[in-house]
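Undergrad: Sequential numbering from 1 applies to the sequence shown in the working numbering.
Backbone N, C-alpha and C define an ideal beta-carbon position, used for all residues, glycine too.
From a predicted model like this one, the values you see are computed outputs, not experimental measurements.
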Amino acid sequence: MDSDHMAPSTGAHSLVGGTASQPKKVAYFYDSDVGNYAYVAGHPMKPHRIRMAHSLIMNYGLYTKMEIYRAKPASKYEMTQFHTDEYIDFLHKVTPDNMDSFAKEQSKYNVGDDCPVFDGLFEFCGISAGGTMEGAARLNRGKCDVAVNWAGGLHHAKKSEASGFCYVNDIVLGIIELLRYKQRVLYIDIDVHHGDGVEEAFYTTDRVMTVSFHKYGEYFPGTGELRDIGVGAGKNYSVNFPLRDGIDDEAYRAMFEPTIEAVMTHYGPEAIVLQCGGDSLSGDRLGCFNLSMAGHANCVKYVKSFGVPVIVLGGGGYTMRNVARTWAYETGELVGEQMSKQLPFNDYYEYFAPDYELDVRPSNMENANSHDYLHKIKSTVIDNIRRTGRPSVEAFTNIPNNPLTRDDEDSDIDDDEDADNNPDVRSTERRQDRRIANPADYDDDSEDDEYRASMGIRDQPGRDKSRNITAHVNPDAAKPDALDKLAGLDDLNDDSALSTRQTSPAGSRTPAVADEEDGDVDMDEAEPAEPAEPAETAAAPEAGSTDSHSPSNNLTPPESPTGAGVPAPDVEMEGTDEAAKADVAEEKQAEEKQQGEAERDSENAKGEVRTEVAKDS
């Protein structure tokens, strides 16, 4: 693909995958088991949001416009194409029952707090990574123009470290697969958090350009500075657009489209990976942007308009009903379907009260991104992009054999085995979902300095890298009336906002976030609103559903403990055995944590990023 790309408004499009007006062949990856996993009670990340989005997608009838697949979960060997053997082996072995015996490894691999050990951890990672890798393989073989995996997009995971709710970086694994056939791959990240794991993996190569639009400042993960542009062969191929609180649809579009147009013109990618984190939506529990559903989906529509093969992934997003609405709407954009504003009846219809509409509205929060600020950043970014060129790597003429990529014959064999083992998959999975649904599903330090310096990655001056994504919580998302009114969001770093956080049990650094935040009430404890019968119900095959749970008449968030939000005075515990035991346990835990971090830092200092795609095959 040697011709330059132009913005859709000019009427010129790439010939790859056809013009934007031609229908695209869409492959949609979904595993019904994904909704059965839960991190821990009260954790903001809820895999069940993917099942809610899938229910909307099916009941809108979008299944008639795309091919639906259940990808084979990624194996340990496939995961180690990027991650270290020791780290993946740890994820495979650790369980809530034996986690105490892995205390040292948990500290070493940053597992705990934001990234807890939970039942089915490795299987969940396999589902996420398998869908993305299979989507990349189908794109490579020309079997589809668009691949969708809402269970993917876990962009924070590092080579040998969990981070920000992410354990296995499915995005890096998918890009590695794409690079077997494609010379140039573009990664775009519209999550509110910086896509640090993907950027770090490809920081030294020109065959992958990473573009991240994210909140920067006192915010997780503390990376993604404007000056972080890559090193060596990768110089100017890492693009970071640091943003401030409250950016709205108009401002976001004004900086997103010119930036992506410049990338398409000067870099000319042969494939795109688009991470669509839903935490950049207005009213997100952990986010601080003010995008509507339409503003978020405009990014998807714009990227699709270039006609380049694309993998569309999920990511963050912690107000479940808003994430489900948005991802369903964006699926409709990808298949070219006009979707009615009135939601069709679905398994979770009552939880979209009170409006039952396919919409996420912006709030009245102030946009801290001035026109001058955005113009200055955009000008700098585009100037850097213009310094890039297309890699000198010659086109592949012989694709190496690799067991990671299954050919058509292998796919046929898999289909035959699946048909033999699951003669009626839909019915079986539905009953399985009812049987093993987990009630918890419904609940709504820095790396080695020398290693990071050698990679050219800089943290913000004067502060440590943020290790916990939940250290910054949207304070207004916890308001009981947030369902009816999305109040303007205050600065997340304001002292008054910080003082409202409750202390988590067992000294955890992850704050206790009320499950009822912004209307995401515990579905197993709260009585849903009485749903109004929708005007029209789209015909669709039955989507996986879960057991009903005992309702409660109390929708009010539980009262905070006495004095919550007010620093507790120091109380001397002399003379009590409990205090002495607690001190000893705390000291021991601190020693183990420090020892684990030291080992991890040592390993990172000695190791190199295992992605070998920077060199010619």
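Among residues of its own chain, excluding the 5 on either side of M99, which ones have a beta-carbon nearer than 6 Å to its beta-carbon?
TA: Translated into positions along the sequence shown, residue 99 becomes position 99. Within the same chain, M99 has close Cβ partners V117.
Undergrad: Alpha carbon to alpha carbon, how far is N290 from Y216? Give it in angstroms, no decimals.
TA: Translated into the one-based positions of the sequence shown, residue 216 becomes position 216. Translated into the one-based positions of the sequence shown, residue 290 becomes position 290. Roughly 15 Å separates the two Cα atoms.
Undergrad: Quick check for students: name the residue ranges of the beta strand (DSSP E) that lie wholly in the stretch 282-319, counting only runs of 3 or more.
TA: The stretch 282-319 contains these whole beta strand (DSSP E) runs: 310-313.
Undergrad: Is D89 helix, strand or coil by DSSP?
TA: Looking up residue 89 in the sequence shown gives position 89. In this structure, D89 counts as helix in the three-state DSSP scheme.
Undergrad: Do you know offhand how far S370's Cα is from G332's?
TA: The residue labelled residue 370 in the question sits at position 370 within the sequence shown. The residue labelled residue 332 in the question sits at position 332 within the sequence shown. S370 and G332: Cα-Cα distance of roughly 33 Å.
Undergrad: Using C-beta distances below 6 Å, list every residue in its chain close to D31, excluding the 5 sequence neighbours before and after it, in chain order.
TA: Against the sequence shown, residue 31 aligns to sequence position 31. Counting only Cβ-Cβ distances below 6 Å, and skipping sequence neighbours, we find R70, I127.
Undergrad: Leaving out the 5 sequence neighbours to the left and right, which residues in its chain are closer than 8 Å to Y373 when beta-carbon positions are compared?
TA: Here residue 373 corresponds to residue number 373 of the sequence shown, with the count starting at 1. These residues qualify, in order along the chain: R244.
Undergrad: How big is the Cα-Cα spacing for V263 and I385?
TA: Here the question's residue 263 lines up with position 263 in the sequence shown. Here the question's residue 385 lines up with position 385 in the sequence shown. Near 6 Å, if we compare the C-alpha coordinates of I385 and V263.
Undergrad: Residues in its own chain within less than 7 Å of P569 by CB, not counting five upstream and five downstream?
TA: Walking along the sequence shown from the start, residue 569 turns up at place 569. Any reading at P569 needs caution, since the residue's pLDDT is 40, under 50, leaving its predicted position unreliable; the model's value is listed next. Excluding residues within five positions, none has a Cβ falling inside 7 Å.
Undergrad: Secondary structure at L334, three-state DSSP: helix, strand or coil?
TA: As a working mapping, residue 334 is identified with position 334 in the sequence shown. Residue state, collapsed to three classes: helix.
Undergrad: What residues in its chain sit with their C-beta under 7 Å from that of Y60, if we drop five residues either side in the sequence?
TA: Within the sequence shown, residue 60 is the residue found at index 60, counting from 1. Taken in chain order, the residues that qualify are A328, G332, M339, P344, A538.
Undergrad: Is it buried or exposed, Y181, if we count other Cβ atoms within 10 angstroms and call 16 or more buried?
TA: Residue mapping note: residue 181 aligns to position 181 of the sequence shown, counting from 1. Answer is buried; the Cβ neighbour count reaches 16.
Undergrad: Thinking C-beta only, is Y252 closer than 8 Å to D284?
TA: In the sequence shown, counting from the first residue as 1, residue 284 sits at position 284. In the sequence shown, counting from the first residue as 1, residue 252 sits at position 252. The answer is no: Cβ separation not under 8 Å.
Undergrad: How about T210 and G195: do their beta carbons lie closer than 8 Å?
TA: Here residue 210 corresponds to residue number 210 of the sequence shown, with the count starting at 1. Here residue 195 corresponds to residue number 195 of the sequence shown, with the count starting at 1. Yes, the Cβ-Cβ distance between T210 and G195 is below 8 Å.
Undergrad: Could you pull the start and end residues of the beta strand (DSSP E) that D228 belongs to?
TA: Numbered from its first residue, the sequence shown carries residue 228 at position 228. Careful: D228 lies outside any beta strand (DSSP E) and carries neither H nor E.
Undergrad: In three-state DSSP terms, what is D196?
TA: Locating residue 196 in the sequence shown gives position 196, where the first residue counts as 1. Helix, per DSSP.
Undergrad: Please state whether DSSP places Y203 in a helix, a strand or coil.
TA: Counted from its first residue, the sequence shown places residue 203 at position 203. Reduced to three states, the DSSP call for Y203 is coil.
Undergrad: Would a C-beta distance cut-off of 8 Å place H155 and Q81 closer than the cut-off?
TA: In the sequence shown, the residue the question calls residue 155 occupies position 155. In the sequence shown, the residue the question calls residue 81 occupies position 81. No. Outside cutoff.
Undergrad: Between N468 and D191, which are expected to be in contact by the criterion C-beta below 8 Å, what is the C-beta distance as a whole number of angstroms?
TA: Taking the first residue of the sequence shown as 1, we reach residue 468 at position 468. Taking the first residue of the sequence shown as 1, we reach residue 191 at position 191. So it is not a contact: roughly 16 Å between Cβ atoms.
Undergrad: I think T326 touches V273, with their Cβ atoms under 8 Å apart; what is that distance to the nearest whole Å?
TA: Here the question's residue 326 lines up with position 326 in the sequence shown. Here the question's residue 273 lines up with position 273 in the sequence shown. In fact, because the Cβ distance is near 18 Å, the residues do not count as touching under 8 Å.
Undergrad: DSSP puts C166 in a beta bridge; with which residues?
TA: The residue given as residue 166 occupies position 166 in the sequence shown. For C166, which the question treats as bridged, DSSP gives the partners S163.
Undergrad: Under the assumption that K25 contacts C144 (Cβ atoms under 8 Å), give the Cβ distance between them as a whole number of angstroms.
TA: Along the sequence shown, one-based indexing puts residue 25 at 25. Along the sequence shown, one-based indexing puts residue 144 at 144. Sure, about 5 Å apart at Cβ, within 8 Å.
Undergrad: To the nearest angstrom, how far is the alpha carbon of D248 from that of P362?
TA: For the purposes of this step, residue 248 is taken as residue 248 along the sequence shown, with counting starting at 1. For the purposes of this step, residue 362 is taken as residue 362 along the sequence shown, with counting starting at 1. Looking at the two C-alpha atoms, the distance is approximately 8 Å.
Undergrad: E350: which of I377, K235, E366, R321 sits nearest, CA to CA?
TA: Here the question's residue 350 lines up with position 350 in the sequence shown. Ranking the options by Cα distance to E350, first place goes to R321.
Undergrad: Going along the chain, which residues of its own chain have a beta-carbon closer than 8 Å to the beta-carbon of H214, five neighbours each way excluded?
TA: By 1-based counting over the sequence shown, the position of residue 214 is 214. Around H214: D189, D191, V192, H193, H194, G195, G224, N240, F241, P242, L243.
Undergrad: Just to confirm, are V335 and K159 a CB contact at a threshold of 8 Å?
TA: As a first step, residue 335 is located in the sequence shown; it is residue number 335 there, counting from the start. As a first step, residue 159 is located in the sequence shown; it is residue number 159 there, counting from the start. No. Outside cutoff.
Undergrad: Measure how close the beta-carbons of I382 and P269 come, nearest whole angstrom, since I'm counting them as under 8 Å.
TA: The residue given as residue 382 occupies position 382 in the sequence shown. The residue given as residue 269 occupies position 269 in the sequence shown. Incorrect: roughly 16 Å between the Cβ atoms, too far for contact.
Undergrad: Along the chain, which unbroken stretches of the alpha helix (DSSP H) at least 4 residues long are found entirely within the stretch 59-113?
TA: Within the stretch 59-113, the complete alpha helix (DSSP H) runs of at least 4 residues are 76-79, 85-93, 103-108.
Undergrad: Could you work out which residue in F29, E337, D347 is closest to S55 when comparing CA atoms only?
TA: Reading the sequence shown from its first residue, position 55 is the one you call residue 55. For the residues F29, E337, D347, the minimum Cα distance to S55 belongs to D347.
Undergrad: Could you have a look at N369 and say whether DSSP puts it in helix, strand or coil?
TA: In the sequence shown, residue 369 corresponds to position 369, counting from 1. Coil, per DSSP.
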